[in-house]
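Numbering (our numbering), first residue to last: -10 to 632. Ideal Cβ positions, reconstructed from N, Cα and C, are used throughout, including at glycine.
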């Protein structure tokens, strides 16, 4: 395979003028360059060679990393979000003795030195900002004697130009994340104008920008030292001179024996730092709490205490909406779980009386995408349970970061407010048709859609216990139209349960969220025609699908007509409906009209559903003909009489 050409540059004017530390850096850089020549990704060799000296200097002189304990909590995070730059990480891990360069490619979750999985451009910078925020929070709680590390990002110039990176950069500057630094270089041969514009935007966001000659070790050392003293997030632009001079390599000993592995500068400094940190941890008065949080374990009596506080907080409120109940549950949980950290987007602040229940500690304005990327980094850092609050309308902006969280199976909880069409007299300003189905189609993501306050707390509890990835709780600002009794069978914490009815039935009416009230009204109408129906609430498909088959069969029923009801797309409902069931929902965008008119247009009303159910039962002969009389016309107000 043809190798990409690269012009070497002068490291220093004279080897005799170098200090012992600089000599070690140059020798290890030479070894790293040889490793890069063996990398499979030779098309980007020029880019890798440009960053080789800055990265080697960082690992040799600054980075807190112990190869013998690569996952210790107070290590520096070295984030490489692009697979193109992985050979540099492979080379550094090889020289420090934690990875053989000839092994299979690095992957997230396999080697602890890989802090994040590669993803779309800009996601790594946002995740690194989240890691820096997590370090900042833990340092405030436990002190710099226990938490005092930095987050370094190795980025490409394309990362800086993305919207998510700019949003995260603005949040990092606003939050004062001084322990965050980005190393970046322009792509060789590319126009420097866009790169200069990106640097200007980061500078305007409150970052310290430093340009260094990537071939001059003294300039690199100065930039790294200045980064350690900086009072702002730092971006180090590693530039090549416009008129490079040819580098004539000088003979030097191979560093393979005396400067690599346990004898490398990184390993020796890291081992000393790690031993000192262990001594401080042993004497720290909050050692038990710190170890519990970094291990991502919950207090033993958390659920019991949380349930008691929630019941006390909800007593003065009658018929609370799921949005109000979920925010109340969040506040009570925060009093018991100090690692819970909430980022709030402005779009999440409701236009109802529940606005007073959301008091953001870390407001993210309208930068939902950057907020979602930072939540990923907070979870990857460890010691933090991240939670994000945003409006349902912004879920498409957060999808890329949410998908990264699901891919890496990170535990993050999202509260999405303003779910449903019934937001105001004028109806929704947007048409939420396919969002719910698309989120349910994402692997490892648990989507909760509670119907009432009791379900909202049960969904919160199930989301806390969900270990396969992130969880989304969709909340409606309007109180439910019925007060629900004790479940007939099962519980909301199991993803699905019988809310009203019995096992002896002709029809199973399945719904989630606000549409559960419509299912209850439909059950009343069917009872007038001698048709026995059971109302099943399924707030979470993912949790319900993990239940035993016997439980799911008992809830859904056998040899009965199954009807799904939801003000959204029916994509995916076939898994619960069976061969004879049908779905009532939305198959197109709605109109700018009051919510009731939109529901009636799509037939999501008790009368329309009752008519369809009777028609299906008549065609199948499941119920005697004498019971199947057409329901008398009733107004929507008459249909909604109390149960």
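Residue 289 is classed as exposed because its beta carbon has fewer than 16 other beta carbons within 10 Å across all chains shown. Closest option to residue 318, judged by alpha-carbon separation, among 363, 483, 293: 293. Counting the other Cβ atoms within 10 Å of the Cβ of residue 252 gives fewer than 16, which makes it exposed. For residue 478, the uninterrupted beta strand (DSSP E) run begins and ends at 478 to 480, by DSSP. Nearest to residue 495 by alpha-carbon distance, out of 503, 521, 502, is 521.
Segment contact: the segment 484 to 499 against the segment 459 to 469, fewer than three CB-CB distances shorter than 8 angstroms; contact not assigned.
When 424, 315, 69 are compared, the shortest CA-CA separation from residue 447 is found for 315. Per DSSP, residue 227 is one residue of the beta strand (DSSP E) stretching across 223 to 228. Between the alpha carbons of residue 75 and residue 203 lies a gap of roughly 19 angstroms. Shortest Cα-Cα distance from residue 214 to any of 184, 168, 186, 588 involves 168. The C-alpha of residue 393 is placed about 10 angstroms away from the C-alpha of residue 459.
Residue 206 and residue 164 have their C-alpha atoms spaced approximately 32 angstroms apart. Of the residues 479, 444, 478, 480, the one whose Cα lies closest to the Cα of residue 463 is 444. Looking at the DSSP output, residue 497 shares a beta bridge with 523, 551. Boundaries of the beta strand (DSSP E) harbouring residue 332: 329 to 333, taken from the DSSP string. Between residue 138 and residue 63 a beta carbon distance of about 5 angstroms is seen, short of the 8 angstroms cut, so the two are scored as contacting. Look at residue 437 here: in three-state DSSP terms it is strand. Ranked by how close their Cα comes to the Cα of residue 151, the residues 256, 179, 115 have 115 in first place. Shown here, residue 400 sits in coil according to DSSP, grouped into three states, outside any helix or strand. For residue 78, same chain residues with a beta-carbon under 8 angstroms away, outside a window of 5 residues either side, are 67, 69, 95, 102, 103, 143 in chain order. Looking at the DSSP output, residue 572 bridges to 553.
Two segments are said to touch when three or more pairs of C-beta atoms, one from each, lie closer than 8 angstroms; by this definition the segment 499 to 519 does not touch the segment 531 to 542.
Under the Cβ criterion (8 angstroms, minimum of three pairs), the segment 40 to 49 does not count as touching the segment 267 to 280. Per the coordinates, the alpha-carbon of residue 136 lies some 48 angstroms from the alpha-carbon of residue 564. Assigned with DSSP and collapsed to three states, residue 272 falls in helix.
A direct Cα-to-Cα measurement between residue 157 and residue 322 gives close to 27 angstroms. If you check the CB distance, residue 361 and residue 324 do not come in under 9 angstroms. Under the 10 Å beta carbon count, residue 99 is surrounded by fewer than 16 other beta carbons and is classified as exposed. With 16 or more other Cβ atoms from the protein chains shown falling within 10 Å of its own Cβ, residue 501 counts as buried. Within the model, the alpha-carbon separation for residue 483 versus residue 257 is close to 51 angstroms. With respect to the 9 angstroms criterion, residue 358 and residue 397 are not classified as neighbours on the basis of their beta carbons. By the neighbour-count definition (other C-beta atoms within 10 Å, threshold 16), residue 450 is a buried residue. The beta carbon of residue 569 sits closer than 8 angstroms to those of 550, 551, 605, 609, all from its chain and outside the five residues before and after it, given in chain order.
Taken in chain order, the complete alpha helix (DSSP H) segments of 4 residues or longer contained in the segment -2 to 68 are 9 to 26, 34 to 50. In this structure, DSSP gives residue 317 a helical state, which the three-state scheme calls helix. Residue 38 holds the alpha-carbon nearest to the alpha-carbon of residue 22 among 154, 38, 577.
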